[in-house]
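Student:
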Amino acid sequence: MRSNPLLTSLLALLFGLPFVLLGLLAVGQYWRYPDLLPPTYALDLLSTLVSTDGDLLTGLLLSLILATTVSVLATGLGFWVARALSRSRHPNCWTTISYLPYALPPVLLAVLIQPLIIRLHLSGTLVGVGLGLLLITVPFCTLFFRSFWNQQATQYEQLSRTLGCSTAQTIWRVLVPLARPLLITCLFQTFLIAWFDFGLTNYLSVGKARTLTVQVYQFVGEANSRLAALASLLLLLPPALLLWLNQRAIVRRV
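Those letters in the sequence shown? Residues 1 to 254, by full-length UniProt numbering.
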């Protein structure tokens, strides 16, 4: 199937335009209306980014650690929770309960669980924020893997045990390879949920765990457009890289 060059160019323009605009905002100086482009350019913010004591570098590392940890834990927990729900007496009832965390806005959910986080002495810590994000991502992963644990997966599992496979062999040589495309997709999506979250992270961290999303809102509130643009670029680059890798993997499988 041949691609349409005009459509491809239009999609590339629409996808790349936000990056170009943010890049101009980050390096441009004294850019005021009605100027079409910044009158001067400077790379002084790069020193802020690469400095070891810079807030942006710290926020980037915090966001990467938080999103990666939450996505791995949520994907693994959701995979096995979905298996347990599919074998329960009332799977539809438990599936309905899994939707309850999404009946509330993330900020309101953070308000409700904040007393528990305080009692655990995790308020204002990255661990406390991660627990709050798990309350959102684990039900999502459970619902995502609900369709995988059907009769076919159960039969594969039973067949492997009949042929003499141990529990570990059944998990790593049968179930995980069978669910590999779903695991990768779920890992990618939960990473995005944790990566872009602001309300729950900002409330539970009480200003101490300043991830990139928190810093973007802070810079916007301070009317610091250059730092806000630079932080936004850092916020967009990892998802864009993951999207590109995911697209290459899909093309390779096809």
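Beta carbons are placed, not taken as given, at the ideal position from N, Cα and C, and that holds for glycine.
For the 8 Å Cβ check, are there 3 or more pairs between the region 167-174 and the region 103-112?
Tutor: No, the region 167-174 does not touch the region 103-112.
Student: Examine the Cβ distances between the region 32-43 and the region 240-249 and report whether three or more of them are shorter than 8 Å.
Tutor: Taking 8 Å as the limit for Cβ pairs, the verdict is that the region 240-249 does not touch the region 32-43.
Student: How far does the alpha helix (DSSP H) with PHE191 in it extend, from its first residue to its last?
Tutor: Residues 180-196.
Student: For the alpha helix (DSSP H) holding VAL206, just list the boundary residues, first then last.
Tutor: Neither: VAL206 is in no alpha helix (DSSP H) and is coded neither H nor E.
Student: Among the residues of its own chain, which have a CB less than 7 Å from the CB of ALA26, if the five just before and after it don't count?
Tutor: These residues qualify, in order along the chain: LEU45, ARG226, ALA229, LEU230 and LEU233.
Student: Within 10 angstroms of its Cβ, does ASN150 collect 16 or more other Cβ (buried), or is it exposed?
Tutor: Classification for ASN150: exposed.
Student: Considering only DSSP beta bridges, list what GLN29 is partnered with.
Tutor: Note: GLN29 sits in a beta bridge opposite THR40.
Student: How about VAL72: is its Cβ closer than 7 Å to a heavy atom in the ligand MN?
Tutor: Because no ligand of any kind appears in the structure shown, any question about the ligand MN cannot be addressed here.
Student: Which whole-angstrom value describes the C-beta separation of LEU212 and LEU235, a residue pair presumed to lie in contact below a C-beta threshold of 8 Å?
Tutor: Between LEU235 and LEU212 the Cβ distance is about 5 Å, and since that is below 8 Å, they are a contact.
Student: At what residues does the alpha helix (DSSP H) containing ASN92 begin and finish?
Tutor: That run of the alpha helix (DSSP H) goes 91-98.
Student: With respect to the alpha helix (DSSP H) encompassing ASP35, which residues constitute its N-terminal and C-terminal limits?
Tutor: Element bounds for ASP35: n/a, residue is neither H nor E.
Student: LEU143 to THR96, Cα distance in whole Å?
Tutor: Answer to the nearest angstrom: the Cα atoms are 9 Å apart.
Student: CA-CA distance, ARG83 and ARG146?
Tutor: Whole-angstrom Cα-Cα distance: 8 Å.
Student: Below 8 Å CB to CB, which residues in the same chain sit around LEU64 once its five sequence neighbours on both sides are set aside?
Tutor: These residues qualify, in order along the chain: PRO238.
Student: Extract the residue ranges of the beta strand (DSSP E) inside the region 53-132, only unbroken runs of 3 or more that lie entirely within it.
Tutor: As far as the region 53-132 is concerned, it has no whole beta strand (DSSP E) run of at least 3 residues.
Student: Do you know how far the Cα of GLY199 is from the Cα of CYS93?
Tutor: Computed Cα separation, rounded: 29 Å.
Student: Is the region 179-191 touching the region 67-75 in the sense that three or more CB pairs, one from each, lie closer than 8 Å?
Tutor: Contact holds: three or more Cβ-Cβ distances are below 8 Å.
Student: For SER88, count the other beta carbons within 10 Å of its own beta carbon; 16 or more makes it buried, fewer makes it exposed. Which is it?
Tutor: Result: exposed.
Student: Taking the alpha helix (DSSP H) that PHE161 belongs to, which residues open and close that run?
Tutor: According to the sequence as given, residue 161 is Arg; it is not Phe. 151-162 is the span of the alpha helix (DSSP H), which, as asked, contains ARG161.
Student: Mapping the DSSP letters down to three states, classify THR201 as helix, strand or coil.
Tutor: In this structure, THR201 counts as helix in the three-state DSSP scheme.
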